[in-house]
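Have a look at the structure below, then the notes.
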Amino acid sequence: MQRLKKYLSPLALVGFAGLISACHAPNSASSAQDAIDNDMAAQQQNIVMIIIDDLRPVLGAYGDKNAHTPNIDAFAQQGVSFTRAYANVPVCGASRASLLTGLRPTPTRFINYKAVAEKDAPGAKSLPQVLRESGYYTMGIGKIFHNGKDLAEESWSEKLQSSGLSHATRLNPDSENYLKPNKKNPKQVKGPWYEIADVGDTDYPDGKVKQKALIALEKLANQKQPFFLSVGFIRPHLPFNAPKKYYDLHPESKFTPFFHRDNPKNAPASLKGSGEIHSYHFKEYEFNSDQFHKASVRGYYASVSYIDALVGDVIQQIDQLGLRDNTTIILTSDHGFNLGEHNFWGKHTVLDTALRVPLIVAGPNIKKNVSTDALVELLDIFPTVSEITQVSPPDDIAGESFQPLLKDPSLPHKKYLYSRFKAGDSIISDDFIFSSYSTQDENTREEMLYDLKADPHETVNVVSEQQYQAKAKQLREKLTDCMSQQHCQTH
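What the sequence shown shows, in mature numbering (1 follows the signal peptide of the UniProt record, and there is no 0), is residues -25 to -1, 1 to 466, in sequence order.
Here is the structure:
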C-alpha cells in the first residue's frame, strides 16, 4: 500500500483503500463507502471563492484610510494578502472568462463584457467543471461568469443561483423619475448613478446573494463530498446603490477629488476613459465637477462597505458551521476601477488603477496576517486551486500556482504579468507598466511607460525620455513575446 501512494492520486488512493476494506468485509459495503467519503472530505480542501465586481484595493487591510471594511480587514489577518495582484483584462465578462478557464485574453478571445468562454474558447474547461469532474460538488451563487449560461451545465452540480435582480435595481420611489431617456443621450436609461436607500442589507440583490450563500453553506456542510462554492457580489459596480447606513459611514466631506484631473503628460491619443458611467443619470450634478467627484467616490466607498458586511456574514457562517479547518477561502475582484484619476471613471483602461485587484487567501497551512508584493495575476488562481485540491488542471492553462507563497510569502513568483484591453496590450514588472496600442497604421503603435515607483499615480508617460530607453526596449520586447501568445514567459 505504501508503494502505491507514490503512483496514485489522492482520490484513487482513497478508492483503492476502500476496495481493500470491502474485500475483507464483503457485507459492509455501505460502511466502506462512508469511509471513502469521509477520507475524501478529510484529504481534499473545500474552496470558497468570493468574487467582488469592480473592486480596486480600497480596503483598510491595503492601507486605505478612507475605507471602512472591518470584515475583510479581519479576514486579511487570517491569511495572505497580495498587494500586486492584477487582472488580465479590465472588463467584467472577459476577465471572468479568462480567470475561470485559466486562458489568456487575445485580440480575438475574451474581448469585452459580452465574452462567453464556450464561444471564445471552444473545448475549454472551467475551474468548477474540472473540480466537479474530480469529485467535487460545485455551486455558484450570484455573478460568477458574466453570462450566467456560460459553461453552466458543465460547471455546476446544481443550477447557478442568481439574485434574480439586475445591477441597476433601485429601491427609492423617486428613482423612477430618472428612467426616461435623456434627449441629448438616448442611452441614458439606467437611472441615477447612485442611490441612498433607507433599507436593510437583504433588500438589494447582493443581500439576497448573501442569503442564498448562507443556505448553500449549510447544505454543503452536511454533505460528505468536498465542495467548491463561488459567491459573486455586484457592488461596487455602477450604479453605486447601497443602504443608507453605509453612506452614513462616509460623509462626503472626507473625500477630495483626485489631484491629477488631466490626462497623463505625453499620454497617447489611444488612452481613453470608460464611457460606461454615461449610461446613468447624474441628477443635479455636473459631470466631473468637484461635487460630482466627491459624490462618486463616496458612493463607491459606501458600496464597498456594504459588500464588506455581506462578506463578513459569509465568513462567519463558514466559521459557525465548523468548516474553516478544511476550507480555503479566496477573495478577489475581476478588475480595478478608476475613481476620477485623470477624470477617468470605471475600468476599460490598461492603467494600474484599472488592472490592480485585491487578492486575499486564507485556509489551513496558510500563513496568517502577512502580505506579499509578489506579482500575481488572476490566471494564477486556477492552478493554485488545482494544487490546493490535488486535482490536475488542463494542460493548456496559462497561469502558475502561487501556493508556495501561501506558506512563505517572501518567495518570488513572477517577473512580468501580461494584460490587455481591445487595442492596448500591457506588460507589468516590479516597478513599471509598459503599454502598446495598435493604430489604424499597421506600422505604428502608440506606447506608454509609467515608473510606478517614482510616479505611482501614472501622471507622466516617460516612454520617450532618454533615461528610460533601455527599460522601454526591454519591456517592449517582452510584451511582443507575450502578444504572440507562444513565448509569454513570466520569469
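Glycine included, each C-beta is placed from N, C-alpha and C at the ideal position.
Judged by DSSP in its simplified three-state form, His256 adopts strand. The secondary-structure analysis by DSSP pairs Pro218 across a beta bridge with Ala172. Contact between Phe208 and Asp28 holds: CB atoms are separated by about 6 Å, below the 8 Å threshold.
In the three-state scheme derived from DSSP, where H, G and I count as helix and E and B as strand, Thr347 is classed as strand. The C-beta of Phe257 has 16 or more other C-beta atoms within 10 Å across all chains shown, which makes the residue buried. Within its own chain, no residue has a Cβ closer than 6 Å to the Cβ of Asp383 once the five positions on either side in sequence are excluded. The stretch 101 to 116 makes no contact with the stretch 416 to 430; the number of CB pairs closer than 8 Å stays below 3. In this structure, the alpha-carbon of Thr144 lies about 48 Å from that of Lys448. Counted as a single uninterrupted DSSP element, the beta strand (DSSP E) harbouring Asp400 occupies residues Gly399 to Ile403.
DSSP places Pro333 in the uninterrupted beta strand (DSSP E) bounded by Arg331 to Ala337. Remark: C-beta atoms of Asn21 and Leu350 do not approach each other more closely than 8 Å. Assignment of Tyr425 by DSSP, reduced to helix, strand and coil, places it in the strand class. Ile363 and Gln19 have their C-alpha atoms roughly 8 Å apart.
Within the DSSP bridge table, the entry for Ser459 names no partner. In this structure the stretch 384 to 395 lies against the stretch 341 to 350, because at least three pairs of beta carbons, one per stretch, are closer than 8 Å.
The stretch 116 to 132 makes no contact with the stretch 36 to 48; the number of CB pairs closer than 8 Å stays below 3. Spanning the alpha carbons of Lys185 and Val289 requires a straight line of approximately 7 Å.
The beta carbon of Gly175 is closer than 8 Å to those of Gly182 and Pro218 in its chain, skipping five residues each way along the sequence.
The stretch 67 to 109 is shown to contain whole alpha helix (DSSP H) runs of 4 or more residues at 67 to 76, 92 to 95 and 102 to 108, in chain order.
Judged by DSSP secondary structure, Phe202 falls within the beta strand (DSSP E) whose first and last residues are Phe202 to Phe208. Beta-bridge partners of Leu386 (DSSP): none assigned. Taking C-beta atoms as the reference points, Ser410 and Ser401 count as a pair closer than 8 Å. With respect to the 8 Å criterion, His310 and Val336 are not classified as neighbours on the basis of their beta carbons.
DSSP, reduced to helix, strand and coil, places Val23 within a strand of the structure shown. According to the DSSP assignment, Thr364 belongs to the alpha helix (DSSP H) that extends over Ile356 to Thr364. Excluding sequence positions up to five before and after Ser413, its CB lies within less than 7 Å of the CB of Ala398 and Arg420, all in the same chain and listed in chain order.
Selection Gln292, Val435 and Gln441 evaluated against Arg236 yields Val435 as nearest (Cα-Cα). In the DSSP assignment, Phe50 falls within the unbroken alpha helix (DSSP H) covering Pro45 to Ala51. C-alpha of Gln104 to C-alpha of Phe357: approximately 11 Å in a straight line. Non-local C-beta neighbours of Tyr275 in its own chain, meaning closer than 8 Å and more than five positions away in sequence, comprise Val33, Pro211, Phe215, Phe312 and Leu314, ordered along the chain. In the structure shown, Ala42 adopts coil according to DSSP, grouped into three states. Rounded to whole angstroms, the Cβ separation of Leu306 and Ile47 is 7 Å, and the two are in contact under 8 Å. Here Ile341 carries a coil assignment [DSSP, helix/strand/coil].
For Thr455, the closest C-alpha among the options Arg395, Ile282 and Gly117 is that of Arg395. CA-CA distance, Gly68 to Ser249, rounds to 15 Å. Shown here, Asn318 sits in a helix according to DSSP, grouped into three states.
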